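In the numbering used here, the protein residues as written are -1 to 776.
Notes follow once the structure below has been shown.
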């Protein structure tokens, strides 16, 4: 690695001299604050990032050719790689000066009494308690953040990389390339002769048992000897699942590894956030989907075909005539059944499409159940999650083999890697749909998190690869800090307890980590391209992430209270309609969006949720444009009505079974309340009627918004506090600033206080674009 730049070299930049002078000012103010017993955790964090990025800027300036090469690996930045490399050092210094200016101003306001901040709790990374509802730090809820990948090659005990600022979770699985040794649980652990690779095992057993952490089961490849033993072990693979999950050799191989991993790590702190059973699994099987360009799921193995045939035989009760009638086929028996993969999308809405999509979800559940069971052979209490991409819930595609409900039920921790972005995707000429009304793309986070939290309300939620800072086709070298603050707050409000962001690639001296040095021709270009424009080049971004977690943790009990508020209105979700309809999720999101800005937390109801959970947890279920439901789904709604529940349904729903056959039965109200909406009713009218059905559960607080458009942009939640007043969280995700007014239905507001600053706001105030407010109302 390149050596650290000397002190004489670092003083050549006027911007650096300016920053160093501001650091002295801030340090002096901090001494004053400490003498008055004022918490300066925020300033300590700011100082750390300022000094680090001054060092990084000097490294970048002295190694411009390597920085230019890094920009060249990114498809967007490569056309101006030399320009970006030349501008980067002073850009970083400028941003350091900006965050120092803001930090000095804020601390001066604290010292003169203009604002009053809540102390940020010190995180005890070695003594985090994991409960069903939250992570606890010294008995109080805590939200944790770290980076998905951190300078591979650096020891976990290196405090320049593992600390309170970048995060201090211990984890394995940072190396995307399994043939290279790392702390991942991967298929190279097991040798051909049945013994285990002791050097690789040592990487697991040497993890200090001191800090909370997690371990990855990395599935993207298999040892060469296993390929030679069975040439079909990777048939039907996907991007990060480089194996046939139905192959008995693969299942046996991974089963032995999972058992060993459980035995070696049972009860260790590094598994408190669980074993991540897979990274971004998917098995898209529809013709024309992008995965086919990479040879994924262009065929399936004989093991999968036979498993499908067995599944079909059970599904059709051994009656091949029933299958033939449904599929319009002429198979002589179930052993003769064939299907072409990838499957043509012209079959969407037909029985063969539904059967394949449902089977694909069954086979992935079977795989994860197998691995989890093997893991728990030697570690019965081993916590687990699956890093599912929520966009595969939120988007319309359904051939991916992921049943988000059953997989969320299976594991003990909700797992995901949701994404968001603050500007348009690279190369896209036309505006993205969210740009019309919003400051950033919030939909995937809120829409999917509310579903997973509805399925598993008593599980912690771990996003083990947040893509809020960058995506493969989106980054912004000048990411707005307000966006950074808002999106992490949004995700946390919707259930996220811990997260690791993609990714941290600076070694302590400022150089890129080992995998990014030199010529990267043999590396996945996605890794090399990820460095340019990332948090590693944006001091304002890296600092803001740490700052927002300090603020959220100072208010963690209030945030948990907001999250735990009852969800009185439930949107009915049917995987059956999602599979059969081309645009089901788009239409469902339109409904969700129409209700999202009305001051109530939203939830979902499914057949399983209705039958397994306490129906008193909600007031009404809203069914919208859901024509296809199974008989079990229909019966769940009918039984809910019989027991006294309220169902609101439109004229388009519940008309067919999973195969498109018309349903003769119609819902009857029983002891309950059945509201059938008139045909052609608008979304606005549906929202009004639905909210009216849950009005007794809504807060007495009324928020009105004026933002210069017809679309509301402020999402807000309310909970009562111990003083008889209210705590209100407001996030302005709209594209404009908004003028807000608060009032009570039956009482008068005496005061409105910003809980983060102690400032009095009054009942009418302005919230900026991407603004975050936490208010106490008396």
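Where a beta carbon is used, it is the ideal one built from N, C-alpha and C, also for glycine.
All values reported here derive from a predicted model rather than from experimental measurement.
Residue 713 and residue 600 have their C-alpha atoms some 11 Å from each other. Distance from the CA atom of residue 547 to the CA atom of residue 494, rounded to whole angstroms, is 12 Å. Less than 7 Å divides the Cβ of residue 603 from the Cβ of residue 568. For the options 301, 284, 300, the alpha carbon positioned closest to that of residue 293 is the one of 284. If you compare the alpha carbons of 670, 368, 390, 345 with that of residue 408, the shortest gap goes to 368. Residue 533 and residue 502 do touch by the CB rule: their CB atoms are close to 7 Å apart, below 8 Å.
Collapsing the DSSP output to three states places residue 539 in a helix. Per DSSP, the continuous beta strand (DSSP E) segment holding residue 726 begins and ends at 724 to 730.
One Cα belongs to residue 694, the other to residue 505, and the distance between them is close to 56 Å. Residue 764 and residue 444 have their C-alpha atoms roughly 24 Å apart. In this structure, residue 12 lies away from residue 55, with their beta-carbon atoms at least 7 Å apart. Runs of the alpha helix (DSSP H) lying entirely within the region 16 to 92, each at least 4 residues long, are 39 to 60, 62 to 70 in chain order.
Three or more beta-carbon pairs separated by less than 8 Å link the region 537 to 556 to the region 479 to 499, which places the two stretches in contact.
The region 270 to 283 and the region 309 to 326 do not touch, with fewer than three beta-carbon pairs separated by less than 8 Å. For residue 621, the uninterrupted beta strand (DSSP E) run begins and ends at 618 to 621, by DSSP.
Straight-line spacing of the CA atoms in residue 90 and residue 36 works out to 29 Å. The Cβ atoms of residue 424 and residue 74 lie closer than 7 Å to each other. Under DSSP, residue 471 takes part in no beta bridge, so it has no partner. Just measuring C-alpha positions, the residue of 383, 117, 393 sitting nearest residue 550 is 117. As the crow flies, the alpha-carbon of residue 678 is around 23 Å from that of residue 394. Around the C-beta of residue 196, fewer than 16 other C-beta atoms lie within 10 Å, and the residue is accordingly described as exposed. Across the structure, residue 209 and residue 148 are spaced so that their CA atoms are roughly 16 Å apart. Under the three-pair Cβ rule at 8 Å, the region 339 to 350 does not count as touching the region 215 to 232. In this structure residue 228 is not in contact with residue 302, their Cβ atoms being roughly 14 Å apart against a cut-off of 8 Å. In the three-state scheme derived from DSSP, where H, G and I count as helix and E and B as strand, residue 737 is classed as strand. The beta carbon of residue 255 lies closer than 7 Å to those of 183, 185, 187, 188 in the same chain, with the five residues before and after it left out. Counting along the chain, residue 496 sits inside the beta strand (DSSP E) bounded by residues 496 to 499. The continuous beta strand (DSSP E) containing residue 139 extends over residues 138 to 140.
Remark: C-beta atoms of residue 724 and residue 646 do not approach each other more closely than 7 Å. Taken atom to atom, the span from the alpha-carbon of residue 768 to that of residue 730 is near 5 Å. For residue 223, the enclosing alpha helix (DSSP H) has its first and last residue at 222 to 227. Of the candidates 636, 123, 156, the residue whose Cα lies closest to the Cα of residue 142 is 123.
For residue 704, the enclosing beta strand (DSSP E) stretches over residues 699 to 704. Three or more Cβ pairs closer than 8 Å define a contact, and the region 703 to 720 meets that threshold against the region 730 to 745. In chain order, 740, 741, 761, 775, 776 place their CB closer than 8 Å to the CB of residue 747, counting only its own chain and leaving out the 5 sequence neighbours on each side. Contact check for residue 554 and residue 139: beta-carbon distance about 4 Å, within the 8 Å limit, so the pair qualifies.
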